[in-house]
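Before any comments, here is the structure.
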Amino acid sequence: WGLAGDNTGVETTISVSRWYDMSSRVSARPRGYVKIVDNTYNDIVYGVSDTLLSPEATAVNAALAAKGSTKTIEAYDPGAGLNEVGASLDLEYAFNPNFSVLGSASVSALLNEAANSPIVNDLGDPYQASLSLMGVYRF
37 WGLAGDNTGV ETTISVSRWY DMSSRVSARP RGYVKIVDNT YNDIVYGVSD
87 TLLSPEATAV NAALAAKGST KTIEAYDPGA GLNEVGASLD LEYAFNPNFS
137 VLGSASVSAL LNEAANSPIV NDLGDPYQAS LSLMGVYRF
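Quick note: the sequence shown uses our numbering, first residue 37, plus one each step.
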């Protein structure tokens, strides 16, 4: 990924899900997943370069200062491995064969090298949750 092709890395997501018909109009889909990444991916997304004036270190230290912290981050070079786990539940209500509404709730947790990143520890949170609602039209 990256417009210039300079950002590379491998991300593999393994998931299990299945749609269940609860009634003629309501369907549910539970889903679970794990994400495994290589060293390059983790370094690009969660790493902090040891170069003194690296752009990511400068940005993170500025954000820490904006939060009133006197702490600064240090270099971090994460390795490869299991990076994230998550689960979601989708519910779909069909008004007719073409139009339905789909709601989704999901939770995820960063693990291992990603969770230990100073970017996550100092500025973020390894646990994330989301809710979404969308309209679906089938042609």
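Think of the CB as a built atom: it goes at the ideal place given N, C-alpha and C, for glycine as much as any other residue.
Burial state of residue 163 is exposed, judged by a 10 Å Cβ sphere holding fewer than 16 other Cβ atoms. When rounded, the separation of the alpha-carbon atoms in residue 101 and residue 83 is 19 Å. Take residue 66, set aside five residues on each side of it, and the residues of its chain with a beta-carbon closer than 7 Å to its own are 53, 125, in chain order. Distance from the CA of residue 136 to the CA of residue 117, rounded to the nearest whole angstrom, comes to 38 Å. Inter-residue distance for residue 151 and residue 131 is about 42 Å (C-alpha atoms, whole angstroms). Measuring C-alpha to C-alpha distances from residue 108 to each of 115, 114, 96, 119 identifies 96 as the nearest. Taken atom to atom, the span from the alpha-carbon of residue 119 to that of residue 72 is near 5 Å.
Within the segment 62 to 120, complete beta strand (DSSP E) segments of at least 3 residues are found at 62 to 73, given in chain order.
Residue nearest to residue 68 within the set 141, 159, 175 is 141 (criterion: CA-CA distance). Residue nearest to residue 170 within the set 138, 123, 74, 133 is 138 (criterion: CA-CA distance).
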